[in-house]
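K.L.:
In mature numbering (1 follows the signal peptide of the UniProt record, and there is no 0), the protein residues as written are -20 to -1, 1 to 184.
A single structure is presented below for examination.
Written as structure tokens, this is what we have:
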């Protein structure tokens, strides 16, 4: 993740210093899945041996704005491209992936990209951002930051449905999904003024 985040880190270091008095958010950190993934899935999938199959690293993805695929599951830019760091990875579940593999819920290798993993990436990056934006530690480093927690849960439920689990079996996982999201949101409170949680789309 170091290379893909490098530019964003440098960009954020400039933004924080220039906008300390603004009432608006000056930076954004996103955790999520394919709805906002800007290419992390393709990078992670290519690193596996054998490479994990990917379908969004080819046209028509990217044909409108970039003119070529960029690994994102959209056809243009997101706001976070300009003012943030994007940890989102397509296919990311809330529950750690080893649970689905250990219980034979999926019959293929999953990328290690769950909510807790993405939160871990942020924790690794946090001291770097603070060192670049404040000389006195992490005090108010994130006071003008918006944390976006994407529509987590969709992939968890889809894994279970596709494995032939009953409605009751799927529903039994809801408390775990909700609790994991709540725990992650609480962990993101670093004096920030905003945490945005996007609800899980309807699944039928």
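For each residue, glycine too, the CB sits at the ideal point set by N, CA and C.
None of the values given here were measured: they were computed from a predicted structure.
Can you name the start and end residues of the beta strand (DSSP E) that residue 66 belongs to?
P.N.:
Residues 64 to 66.
K.L.:
Please list the terminal residues of the continuous alpha helix (DSSP H) segment that includes residue 26.
P.N.:
Here the alpha helix (DSSP H) through residue 26 covers 20 to 26.
K.L.:
Reducing DSSP to helix, strand and coil, say where residue 79 ends up.
P.N.:
DSSP places residue 79 in helix when its eight states are reduced to three.
K.L.:
Quick check on residue 150: does DSSP put it in helix, strand or coil?
P.N.:
Residue 150: helix per DSSP, three-state reduction.
K.L.:
Fully enclosed by the segment 32 to 75, which alpha helix (DSSP H) runs are 4 residues long or longer?
P.N.:
As far as the segment 32 to 75 is concerned, its whole alpha helix (DSSP H) runs of at least 4 residues are 60 to 63.
K.L.:
So for residue 9, helix, strand or coil by DSSP?
P.N.:
In this structure, residue 9 counts as strand in the three-state DSSP scheme.
K.L.:
Measuring CA to CA, which of 164, 98, 87 and 60 is closest to residue 72?
P.N.:
Nearest of 164, 98, 87 and 60 to residue 72, Cα basis: 98.
K.L.:
Let me make sure I understand the geometry here. Which of 47, 44, 52 and 140 has the alpha-carbon closest to that of residue 35?
P.N.:
Among 47, 44, 52 and 140, the Cα nearest to that of residue 35 is on 52.
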